[in-house]
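J.: Here it is, the structure in full.
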Amino acid sequence: MAALLLTPAELHSAIEAGEARAVDCRFDLMNPAGGRALWAESHIPGAPYADLDHDLAGHAAGGGGRHPLPEPAEFATTLGRWGIKPDTLVVAYDNMGCAIAGRLWWMMNWMGHERAGLLDGGIQAWEEAGLPLERAEPIIEPVDYPVGGHCRPVVGLTEVERAALAGGLRMLDARDGARYQGLSEPLDSQAGHVPGAVNAFFRENLDAGGRFRSPDELRKHYLDLLDGADPSGACVMCGSGVTACHDLFAMELAGLGGAALYPGSWSEWSQSDARPIARGPEPGGPAS
């Protein structure tokens, strides 16, 4: 299994040796076309663009949240279009501390592709290292990627509803504190969090320079959040199952793998007025 977290120098060497494929995951929820525009201006050599809305999400009708998982066969086609083979080292990056790139890392693992990692510090770290960028769209020979999928645990709405009412599942919410507490909600119709979920803001996985904190620091952080629960008895959510993957990556770095993703997350939960909603800084009971 490849290292989970690569430095710019390590990624550059792997690309030069023909051993790795970088994938550009820059995306702005408020300006969905912005990430592709940045990629068109310059990107790491050979990197295709992964569009969160179209490449890293499916199109479930009637619920499922903003970014439901695609069908494995659909995602396998995307990987093949990017020239990725089962033994390719795939390294995702963005310009937001791996907030979006973490989703691709998790999806690669979900497909059973273990040779996947993140570029620590993102494209900013690559530029700071003085490494080359290119503007031209990479010429990639498509390949057939085998259909996998379901190799990482996922929980659905029914399981989360059960946990909100009766417990039994440690729930972590990767959104920022204001959204978790219900003080603001820029994307969904209702504000707050799933009753019982504790706040685990994904940016707390990073240091002041935008790099991941050490495995020991992350381990202490998540052991506190888990509060005695085994990672296999936990799930992580966020707004739409994207930054939750950042928490799952950090837990993996910390040696605490095994937690499930709730892909629908708050964008699914908040669709119904009938579901309970908690507000405030604590994970306690429902407020409505």
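Take the sequence shown: its position 73, counted from the start at 1, is 92 in the numbering used here, and no numbers get skipped.
For each residue, glycine too, the CB sits at the ideal point set by N, CA and C.
Since this is a predicted model, take the numbers as computed values, not measurements.
#1: Residues in its own chain within less than 6 Å of ALA210 by CB, not counting five upstream and five downstream?
#2: Pick helix, strand or coil for MET130, following the three-state DSSP scheme.
#3: Ends of the alpha helix (DSSP H) at MET270?
#4: Distance check for TYR199 and MET270, CA to CA, integer angstroms please.
#5: Suppose the cutoff is 6 Å on Cβ atoms and the five residues either side in sequence are ignored; what does the same chain contact list for LEU57 look like?
#6: When burial is assigned at 16 or more other CB atoms within 10 Å of the CB, is SER233 buried or exposed?
#7: Roughly how many whole angstroms lie between the Cα atoms of PRO295 and PRO214?
#8: When we look at the beta-carbon of LEU88 and count the other beta-carbons within 10 Å, is it buried (16 or more) or exposed?
#9: VAL110 by DSSP, collapsed to three states: which one?
#10: Here's the rule: buried if 16 or more other CB atoms are within 10 angstroms of the residue's CB, otherwise exposed. What is THR107?
#11: Quick check: is any heavy atom of the ligand PLP less than 7 Å from the C-beta of LYS239?
#12: Grouping DSSP H, G and I as helix and E and B as strand, with all else coil, what is ASN224?
#13: Taking buried to mean at least 16 other C-beta atoms within 10 Å of its own C-beta, is GLY286 buried or exposed?
#14: Within this structure, are the beta carbons of ALA278 and ALA253 separated by less than 8 Å?
#15: My output table needs one value for HIS169: the three-state DSSP class, helix, strand or coil.
#16: Can you list, in chain order, the residues of its chain whose CB lies under 8 Å from that of GLY274, leaving out five sequence neighbours each side?
#17: Count the other CB atoms within 10 Å of the CB of ALA323; is the residue buried (16 or more) or exposed (fewer)?
#18: Compare the C-alpha of LEU23 against each of ALA182, PRO157 and ASN128 and name the closest.
#19: Determine the DSSP secondary structure at ARG198, reduced to helix, strand or coil.
#20: Helix, strand or coil: how does DSSP classify VAL213 here?
#21: Using 8 Å as the cut-off, can you tell me whether the stretch 144-157 makes contact with the stretch 62-70, which would need three or more C-beta pairs spanning the two stretches below that distance?
T.: Well, looking at it:
#1: Position 191 of the sequence shown, counted from the first residue, corresponds to residue 210. Within the same chain, ALA210 has close Cβ partners GLY201 and GLU204.
#2: Residue 130 sits at position 111 when you count from the first residue of the sequence shown. Reduced to three states, the DSSP call for MET130 is coil.
#3: The residue given as residue 270 occupies position 251 in the sequence shown. Looking at the DSSP string, the run of the alpha helix (DSSP H) that includes MET270 is 263-272.
#4: What you label residue 270 is simply residue 251 of the sequence shown in a count that begins at 1. What you label residue 199 is simply residue 180 of the sequence shown in a count that begins at 1. Rounded to the nearest angstrom, the two C-alpha atoms are 20 Å apart.
#5: Here residue 57 refers to the residue found at position 38 when the sequence shown is read from its first residue. Answer for LEU57: ARG45, listed in chain order.
#6: Counting from 1 along the sequence shown, the entry for residue 233 is found at position 214. That one is exposed.
#7: On the sequence shown, residue 295 is found 276 positions in, with the first residue counted as 1. On the sequence shown, residue 214 is found 195 positions in, with the first residue counted as 1. Their Cα atoms are separated by approximately 7 Å.
#8: Taking the first residue of the sequence shown as 1, we reach residue 88 at position 69. With 16 or more other Cβ atoms within 10 Å, it is buried.
#9: Within the sequence shown, numbered from 1, the residue matching residue 110 stands at position 91. Three-state result, VAL110: strand.
#10: Translated into the one-based positions of the sequence shown, residue 107 becomes position 88. That one is buried.
#11: Only the bare structure without any ligand can be found here, which leaves the ligand PLP out of the picture.
#12: Against the sequence shown, residue 224 aligns to sequence position 205. ASN224: helix per DSSP, three-state reduction.
#13: The residue labelled residue 286 in the question sits at position 267 within the sequence shown. Per the sequence shown, the amino acid found at residue 286 is Ser instead of Gly. Flag for SER286 reads buried.
#14: Here the question's residue 278 lines up with position 259 in the sequence shown. Here the question's residue 253 lines up with position 234 in the sequence shown. It is a contact, given that the beta carbons lie within the stated cut-off.
#15: Along the sequence shown, read from residue 1 onward, the residue named residue 169 stands at position 150. Reduced to three states, the DSSP call for HIS169 is coil.
#16: The count along the sequence shown starts at 1 and reaches residue 274 at position 255. PRO234 and ARG238, listed in sequence order.
#17: This structure leaves residue 323 out entirely; the chain is present only between 20 and 307.
#18: To locate residue 23, count along the sequence shown from 1; it is residue 4. For LEU23, the nearest C-alpha among the options comes from ASN128.
#19: Counted from its first residue, the sequence shown places residue 198 at position 179. ARG198: helix per DSSP, three-state reduction.
#20: Here residue 213 refers to the residue found at position 194 of the sequence shown. Three-state DSSP puts VAL213 in coil, outside helix and strand.
#21: yes
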